[in-house]
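Protein chains: 2
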Amino acid sequence: MSAAQPASSPDVPTVEQVDTRYLEGLLGYNARRAALAVIDVFVERMSPYGLRPVDFSVLSLIRHNPGITSRQLCASLGILPPNLVGLVNNLEKRELIQRQPHPRDRRAVGLHLTPAGAALTEAAEKTAAELESDAAGRLSPAELKTLIRLLKKVYL
Amino acid sequence: MSAAQPASSPDVPTVEQVDTRYLEGLLGYNARRAALAVIDVFVERMSPYGLRPVDFSVLSLIRHNPGITSRQLCASLGILPPNLVGLVNNLEKRELIQRQPHPRDRRAVGLHLTPAGAALTEAAEKTAAELESDAAGRLSPAELKTLIRLLKKVYL
DNA sequence: TATTGTTATACTCTATAACTATA
DNA sequence: TATAGTTATAGAGTATAACAATA
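Chains as they are written, first to last, in our numbering: chain R, 438 to 593; chain X, 438 to 593.
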């Protein structure tokens, strides 16, 4: 009753060219690969500043929100509080940011850029802006705008 | 010569609502957040099958490329060989895949789905297809198609 | 000499529990 | 009782070096 299937097939199939068409049709696969590609360029261009993407995000948020607290940074960036501690300590040791007591809540600490931190962040933001056009190399400005609009629709 | 800057400012600024507009204008920031959002949904929907995204990708590639080797999987998915070993071992222990010696290269091993693996992968791919419309909830089918096209332009 | 698959290992990223000081 | 910040620690994920078998 089971003669149709040889246990160890005499001609085992092999693969010359891998067919990835199925995965390439999935949003998750494409979103992840695109994110990794852009972040790779980001990492490379930010390394002269000694900044990882997350360091850049923190400095930029502090620049545009002087006095922001660790808790607010965590909520904005999806970082867990214990994982932000070392990051902020390093930026403080590098004298890029300063802690100042919160004027109305003695539990909280406001974060501020030092003059050196402000200069570095301004330069890094300029690099980030240039990087956009490179990372999205084959996208026209209109396509880039559309892409960002559609990405926001996915996660907001 | 240095009287203009009070050491501890009398009115330290605080932040009510965090201004994230700058980061929201960057492609990398949006691509990463969108990818994480989609992957979160993916992880949740695939958990009944006991599959992480990478397990799904491997099974799907084996399904569409019977006899694919570990080396080819690594190249297709951007996984390093040492990190694929445990993954493939687990899928084999669960009797979802089978190793068969490569017919022409005794160093290599071809990977194949077992009947149970084929059934699971087929069901998981159906779930993945349904998931697309949910993960991209507020996107129209046309927008989803545009988004995938633009994402490919970024990383290809 | 180069490649496939593998082990061992280290490093980063992310996650959880628990503490302190303030509210 | 709840929150801000912190410590310690555990678990993923990702990286490099080196090896045996085969090409």
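For every residue, glycine included, the Cβ atom is placed at its ideal position computed from N, Cα and C.
Keep in mind the model is a prediction, meaning the values are calculated, not measured.
If you reduce the DSSP assignment to three classes, tell me which class residue i lands in.
i: L548/X; result: strand
i: T558/X; result: helix
i: D448/X; result: coil
i: Y571/R; result: Per the sequence shown, residue 571/R should be read as Asp rather than Tyr. Note: D571/R maps to helix in three-state DSSP.
i: P443/R; result: At P443/R, the pLDDT of 41 sits below 50, so the modelled position is not reliable and the matter cannot be decided from this model.
i: A553/R; result: helix
Tell whether a beta-carbon distance below 7 Å holds between residue i and residue j.
i: V459/R; j: A561/R; result: Residue 459/R is actually Tyr in this sequence, not Val. No, they are not a contact pair.
i: D594/R; j: N502/X; result: With chain R covering 438 to 593 only, the question about residue 594/R has no answer from this structure.
i: I499/R; j: L557/R; result: no
i: A468/X; j: A472/R; result: yes
i: G504/R; j: P450/X; result: yes
i: K590/X; j: L588/R; result: no
i: T583/R; j: A545/R; result: no
i: C511/X; j: L521/X; result: yes
i: Q537/R; j: G547/R; result: yes
i: I534/R; j: G554/R; result: yes
i: R482/R; j: Y592/X; result: no
Between which two residues does the alpha helix (DSSP H) harbouring residue i extend?
i: I585/R; result: P578 to Y592
i: P519/R; result: P518 to K530
Could you tell me the boundaries of the beta strand (DSSP E) in which residue i lies?
i: P538/X; result: I534 to P538
In chain order, each alpha helix (DSSP H) run of at least 4 residues that lies wholly inside the region 454-514 of chain X:
If we require 4 residues or more, the alpha helix (DSSP H) runs fully inside the region 454-514 of chain X come out as 458-461, 464-483, 490-501 and 507-514.
Looking at C-beta atoms only, is the number of pairs between the region 474-482 of chain R and the region 568-575 of chain R that lie closer than 8 Å three or more?
Touching, per the Cβ criterion.
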